[in-house]
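Student:
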Amino acid sequence: MRKRRSFVKTAPKSLEKRILDNAFRIKEDFTIILPKPLDERSQKIINKLKSRLEKVWEFRDDIKKLEKFSKGKGLESALAGVLLLANNPKAPYLARVKVGDRDVAYAIRGKAEKEKLISLQHFDDPVLRILGFVDLSRKKKLSLFSWKDNFLCSCSDEFPEDFLDFLSTHINLKREDHALKCPHVEANGERESLLIKLKSLSIEICRKCLGDKNTVFEITKYICIPDLQKYTDVTIRSSLLKYNLEVGYKEDYLMGKMSDREFFERNFVEWKDKLKSEGKRIVYVEGKVYEDPASFLKDLDLKGEEKKALEILLSNVAEPIFLDDKRKVNLILKDYWRDYGEAILTKLSGDSKLARNVFDPSGSPVAQIRDVMEVRERIKMISEYPSYKELPPIARFIDEIAKEYITRGKEKVLSILSRPPEETRKRSIAYAFLLALGKAEERKWQYRREEIEFGEFLSGYAMKLLNSKPEEYHENLKLFLSMSGVDEDLENEQ
25 MRKRRSFVKT APKSLEKRIL DNAFRIKEDF TIILPKPLDE RSQKIINKLK
75 SRLEKVWEFR DDIKKLEKFS KGKGLESALA GVLLLANNPK APYLARVKVG
125 DRDVAYAIRG KAEKEKLISL QHFDDPVLRI LGFVDLSRKK KLSLFSWKDN
175 FLCSCSDEFP EDFLDFLSTH INLKREDHAL KCPHVEANGE RESLLIKLKS
225 LSIEICRKCL GDKNTVFEIT KYICIPDLQK YTDVTIRSSL LKYNLEVGYK
275 EDYLMGKMSD REFFERNFVE WKDKLKSEGK RIVYVEGKVY EDPASFLKDL
325 DLKGEEKKAL EILLSNVAEP IFLDDKRKVN LILKDYWRDY GEAILTKLSG
375 DSKLARNVFD PSGSPVAQIR DVMEVRERIK MISEYPSYKE LPPIARFIDE
425 IAKEYITRGK EKVLSILSRP PEETRKRSIA YAFLLALGKA EERKWQYRRE
475 EIEFGEFLSG YAMKLLNSKP EEYHENLKLF LSMSGVDEDL ENEQ
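Heads up, the sequence shown is in my numbering, so the first residue is 25 and it goes up one at a time.
#1: Would you be able to state if there are at least three C-beta pairs under 8 Å between the stretch 169–185 and the stretch 54–66?
#2: Closest by CA to residue 84, which one among 61, 112, 71 and 304?
#3: If I measure Cβ to Cβ from residue 329 and keep anything under 8 Å in the same chain, skipping five residues before and after, which residues do I get?
#4: Quick check: the Cα distance between residue 249 and residue 162, rounded to an integer number of angstroms?
#5: With a Cβ-Cβ cutoff of 8 Å, do residue 234 and residue 284 count as a contact?
#6: Three or more C-beta pairs under 8 Å: does that hold for the stretch 144–155 against the stretch 213–233?
#7: Touch check for the stretch 470–482 and the stretch 408–425: three-plus C-beta pairs under 8 Å?
#8: When we look at the beta-carbon of residue 319 and count the other beta-carbons within 10 Å, is it buried (16 or more) or exposed?
#9: Could you tell me which uninterrupted beta strand (DSSP E) segments, each at least 3 residues in length, are contained entirely in the stretch 276–335, listed from first to last along the chain?
#10: Comparing alpha-carbon positions, which option in 264, 183, 316 and 209 lies nearest residue 243?
#11: Please identify the residue among 124, 123 and 109 whose C-alpha is closest to the C-alpha of residue 117.
#12: Report the three-state DSSP secondary structure of residue 62 (helix, strand or coil).
#13: How many Å lie between residue 413 and residue 464 at the Cα?
#14: Given a cut-off of 8 Å on the beta-carbon distance, is the pair residue 170 and residue 246 in contact?
#15: Tell me, to the nearest whole angstrom, how far the beta carbon of residue 429 is from that of residue 490; I am working on the premise that it is less than 8 Å.
#16: Looking at the strands, I want to know which residues DSSP matches up with residue 142.
#17: Am I right that residue 460 and residue 486 are in contact with their C-beta atoms under 8 Å? What's the rounded C-beta distance?
#18: State the beta-bridge partners of residue 178 as determined by DSSP.
#19: If I measure Cβ to Cβ from residue 168 and keep anything under 7 Å in the same chain, skipping five residues before and after, which residues do I get?
#20: Bridge partners for residue 257 per DSSP, in chain order?
#21: Just curious, the alpha helix (DSSP H) that residue 434 is in, first and last residue?
#22: Assign residue 127 to one of three DSSP states: helix, strand, or coil.
#23: Straight-line CA distance for residue 387 to residue 378?
#24: Taking 8 Å as the cut-off, decide whether the C-beta atoms of residue 519 and residue 389 are in contact.
#25: Using C-beta distances below 6 Å, list every residue in its chain close to residue 306, excluding the 5 sequence neighbours before and after it, in chain order.
#26: Alpha carbon to alpha carbon, how far is residue 203 from residue 288? Give it in angstroms, no decimals.
#27: For residue 269 versus residue 295, is the C-beta distance shorter than 8 Å?
#28: I'd like the list of long-range same chain contacts for residue 503, defined as Cβ closer than 7 Å, with 5 residues on each side in sequence excluded.
#29: CA-CA distance, residue 44 and residue 131?
#30: Can you check DSSP and say which residues form a bridge with residue 226?
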């Protein structure tokens, strides 16, 4: 076991004053250091201790007697050392020692154990004052409870009611009789939690509320219960445990080597690895386990292509899927997108070439799904309209604008026409399309007078072409071209 290191230095004035003030208070009334008994047996134990201490305290002004008493090892010797301090109140030299996670200073007087000197010199500290009574607790099976201004002892197995109320506030858990719980713990067992048992006290904290503190350590620094380790246990409630998993790291946690969150998450990582190595096909979401993908998809309440994409993913992934939030479909897919994204897009679109062009392993899966389905829909839609092998420039310009409108809508066409073409006839045709779309007035300044006039003449034919059904499109395109003064042969229709 690693030894505590200590060193000596002159006390800071504030700490010196506090230690001396406590020594003066003990000299006036030594019983202020004693715990208050809660039952008859503990009353007898404290009365015997009080009698032994009183024999020292009676010589509180006799330095020689006190020096003699201070050469022992018990609490009586520590009391003598504190009384010597009260009789010689010059600046004491302090030793410092680690107690738990604290650096504690105390004045060395006599040969009493440092824990007992610390206890008396800091009797107003709820954590430190327990140190002087640990031996008594073990020998007499006496339980100690120390918090705020309260210092109680009992030979009962029960925790004092007031102490339970203090714990409830201190660790921010709701009290239910001899149980402390976070407000999110559910009775249906679907939510995961940390479970702690300290003799008659049970504690349950859901995974989301687990913090960077060790709850057992936070509680046990305020108590000293004989053989408490025999009645202390920590475990985890999780639906995953039905797959022959074990809760590990218990000893490390109970020794204060890891926080509540770390204890849970270390176990969780090991569980994930074990289930993956076994190829267990489950979906885990927020503490709930789905063995049937259909029930998981039903709970998601998804529709359309996102649901189909997840169905494809779940049918292909031969390992457990762990999710933090079932509502974030994009994150669910993203975890597996690099490996399965292209296959998902191919099955959704039925076009491997299209899927390959859209697939981006680091991009948003949901956005790619929407893109591939939009492109597929456009391809399907445009396939119903006439297509042409080769079109002259004017005819190609009109055909492209019309089909962009049919497949991608008004805003796409307006984006294309935001910059007018260079050739005069195309400019008039562009203006005709702007008129048909109701956006000509705000862009009129970009066109010359003769282009505007010709565009106004053509606008009706542009409108007719934009609203064409597939079977009307060819004739309406021919008419638009003719009215534009272009004599083009469109008979090479495919």
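Just so you know, even glycine gets a beta-carbon here, dropped at the ideal spot from N, CA and C.
Tutor: In terms of the structure at hand:
#1: Counting Cβ pairs under 8 Å, three or more are found: they touch.
#2: One-based indexing of the sequence shown puts residue 84 at position 60. Looking at the Cα atoms, 112 is the closest of the given residues.
#3: Taking the sequence shown and counting its residues from 1, the one referred to as residue 329 is at position 305. Within the same chain, residue 329 has close Cβ partners 372, 393, 394 and 397.
#4: Numbered from its first residue, the sequence shown carries residue 249 at position 225. Numbered from its first residue, the sequence shown carries residue 162 at position 138. Roughly 8 Å separates the two Cα atoms.
#5: By 1-based counting over the sequence shown, the position of residue 234 is 210. By 1-based counting over the sequence shown, the position of residue 284 is 260. A distance below 8 Å separates the beta carbons of residue 234 and residue 284.
#6: Taking 8 Å as the limit for Cβ pairs, the verdict is that the stretch 213–233 does not touch the stretch 144–155.
#7: The count of Cβ pairs closer than 8 Å, one atom from the stretch 470–482 and one from the stretch 408–425, stays below three, leaving the stretches out of contact.
#8: Locating residue 319 in the sequence shown gives position 295, counting from the first residue. Around the beta carbon of residue 319, a 10 Å sphere encloses fewer than 16 other beta carbons of the protein chains shown; the residue is thus reported as exposed.
#9: The qualifying runs are 307–309 and 312–314.
#10: What you label residue 243 is simply residue 219 of the sequence shown in a count that begins at 1. Closest by C-alpha distance to residue 243, out of 264, 183, 316 and 209, is 183.
#11: Counted from its first residue, the sequence shown places residue 117 at position 93. Nearest of 124, 123 and 109 to residue 117, Cα basis: 109.
#12: As a working note, residue 62 is residue 38 in the sequence shown. Correct three-state label for residue 62: coil.
#13: As a working note, residue 413 is residue 389 in the sequence shown. As a working note, residue 464 is residue 440 in the sequence shown. Cα-Cα distance, rounded: 32 Å.
#14: Here residue 170 refers to the residue found at position 146 of the sequence shown. Here residue 246 refers to the residue found at position 222 of the sequence shown. By the CB criterion at 8 Å, residue 170 and residue 246 fall inside the cutoff.
#15: Taking the first residue of the sequence shown as 1, we reach residue 429 at position 405. Taking the first residue of the sequence shown as 1, we reach residue 490 at position 466. Confirmed, Cβ separation roughly 5 Å.
#16: Residue mapping note: residue 142 aligns to position 118 of the sequence shown, counting from 1. According to DSSP, which records beta bridges pairwise, residue 142 is partnered with nothing at all.
#17: For this step, residue 460 is matched to residue 436 along the sequence shown. For this step, residue 486 is matched to residue 462 along the sequence shown. With a contact defined as Cβ atoms closer than 8 Å, residue 460 and residue 486 qualify at about 4 Å.
#18: As a working note, residue 178 is residue 154 in the sequence shown. Paired residues: 167.
#19: By 1-based counting over the sequence shown, the position of residue 168 is 144. Within the same chain, residue 168 has close Cβ partners 59, 154, 157, 161, 177, 247 and 248.
#20: Position 233 of the sequence shown, counting from 1, holds the residue named residue 257. Per DSSP, 221.
#21: On the sequence shown, residue 434 is found 410 positions in, with the first residue counted as 1. Per DSSP, the unbroken alpha helix (DSSP H) holding residue 434 starts and ends at 434–440.
#22: Numbered from 1 along the sequence shown, position 103 holds the residue referred to as residue 127. Here residue 127 sits in strand by DSSP.
#23: To locate residue 387, count along the sequence shown from 1; it is residue 363. To locate residue 378, count along the sequence shown from 1; it is residue 354. Roughly 16 Å separates the two Cα atoms.
#24: Absent from the structure is residue 519, since the part of the chain shown begins at 25 and ends at 518.
#25: Taking the first residue of the sequence shown as position 1, residue 306 is located at position 282. Once the five neighbours on either side are set aside, the close Cβ partners of residue 306 are 313, 315 and 344.
#26: What you label residue 288 is simply residue 264 of the sequence shown in a count that begins at 1. What you label residue 203 is simply residue 179 of the sequence shown in a count that begins at 1. So the two alpha carbons sit approximately 20 Å from each other.
#27: Translated into positions along the sequence shown, residue 269 becomes position 245. Translated into positions along the sequence shown, residue 295 becomes position 271. Taking C-beta atoms as the reference points, residue 269 and residue 295 count as a pair closer than 8 Å.
#28: In the sequence shown, the residue the question calls residue 503 occupies position 479. Contacts found: 485.
#29: Here residue 44 corresponds to residue number 20 of the sequence shown, with the count starting at 1. Here residue 131 corresponds to residue number 107 of the sequence shown, with the count starting at 1. Cα-Cα distance, rounded: 10 Å.
#30: On the sequence shown, residue 226 is found 202 positions in, with the first residue counted as 1. Answer by DSSP bridge pairing, in chain order: 203 and 221.
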